[in-house]
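Worksheet: the structure to be examined is printed underneath.
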């Protein structure tokens, strides 16, 4: 490993250690609580007509916007966590993508509340209730299927020799650094658009588009170290599940839920087939699972 590559790996490891530190998570949790309370208070002040112009015209008049804004920040943190999970395990990174999708469905359900009057009145808003129900049911379905997916991964055999795995992880850390930089740039551009009063783009939709190219790049990198058909098919299949999620994010509510749940079923079936029929280093028959997650 040359010096520049070693420095980048150390940079990634240090950033990951800081992000995953208990102290960081504690401060971030407190920050989210503070943001929610401040946002809610500012919106309530605006509803009471206590904010001056032009600030008043820039603040929502619906208290539920504080919920959706806070959920958006939670999703940003989950995306960063996903980026740091990329080098660890392909299966874990895929699981993280579906976790984010489930949270997006929950956010969409809360977002529908902004179309209801405050206090909430459901009469005459049946369409909103149906969309809330579909998003909630979709999120729950993905949540349940994720449990089955992670359960299937607990006994997944290793597909890599230790020295090959180390090289592959290093390559994925470089990819993860690029993805993290791209996501940060997308966030800066969105903030700039908001500051200029221009409509922002959907950060998470565009990020999943970026993930499609990222997954394909990782597939090509993996082929360098493991060119066997089943490994290429497995990794390409996981990349296809990302495509399904990306399309689900742009569909209407019912189709979005159907495509998202279908993508989760596809990933679950791919995992079962890969672990059951195409393992290179199979666990001893009847051996207990030593690890809760796949370390492939």
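Numbering (the working numbering), first residue to last: 16 to 311.
Yeah, the Cβ is synthetic: ideal placement off N, Cα and C, and Gly gets one too.
For residue i, count neighbouring Cβ atoms within 10 angstroms of its own Cβ and tell me buried if that reaches 16, exposed if not.
i, result
"residue 110", "buried"
"residue 160", "buried"
"residue 149", "buried"
"residue 153", "buried"
"residue 36", "exposed"
"residue 119", "buried"
"residue 56", "exposed"
Among the options, which one has its Cα closest to the Cα of residue i?
i, options, result
"residue 99", "187, 289, 147, 216", "187"
"residue 49", "269, 289, 88, 156", "88"
"residue 220", "150, 136, 135, 112", "112"
"residue 166", "283, 117, 41", "283"
"residue 81", "58, 162, 69", "58"
"residue 272", "76, 37, 117", "117"
"residue 30", "46, 266, 191", "191"
"residue 214", "140, 17, 73, 54", "73"
"residue 260", "269, 106, 277", "277"
"residue 245", "268, 285, 229, 270", "285"
Measuring straight from C-alpha to C-alpha, what distance separates residue i and residue j?
i, j, result
"residue 236", "residue 183", "8 Å"
"residue 280", "residue 19", "41 Å"
"residue 227", "residue 212", "30 Å"
"residue 103", "residue 242", "20 Å"
"residue 63", "residue 136", "20 Å"
"residue 231", "residue 23", "22 Å"
"residue 52", "residue 207", "25 Å"
"residue 290", "residue 101", "20 Å"
"residue 195", "residue 71", "35 Å"
"residue 162", "residue 115", "14 Å"
"residue 78", "residue 222", "28 Å"
"residue 6", "residue 217", "Here the chain has residues from 16 to 311 only, and residue 6 is not among them."
"residue 266", "residue 130", "19 Å"
"residue 169", "residue 142", "41 Å"
What is the DSSP secondary structure of residue i, reduced to helix, strand or coil?
i, result
"residue 252", "helix"
"residue 308", "Since pLDDT at residue 308 reaches only 45, below the 50 mark, its modelled position is unreliable, and the value read off the structure follows with that caveat. The answer is coil: DSSP assigns residue 308 none of H, G, I, E or B."
"residue 293", "coil"
"residue 33", "helix"
"residue 80", "helix"
"residue 241", "coil"
"residue 17", "coil"
"residue 137", "coil"
"residue 210", "helix"
"residue 103", "coil"
At a Cβ threshold of 9 Å, is residue i touching chain D?
i, result
"residue 277", "This model lacks chain D altogether, as it is built from one protein chain only."
Short check: CB of residue i to CB of residue j, under 9 Å?
i, j, result
"residue 313", "residue 234", "Outside the displayed span of the chain (16 to 311) sits residue 313, for which this structure offers no information."
"residue 275", "residue 288", "no"
"residue 198", "residue 225", "yes"
"residue 42", "residue 90", "no"
"residue 124", "residue 147", "yes"
"residue 239", "residue 293", "no"
"residue 144", "residue 268", "no"
"residue 83", "residue 126", "yes"
"residue 54", "residue 85", "yes"
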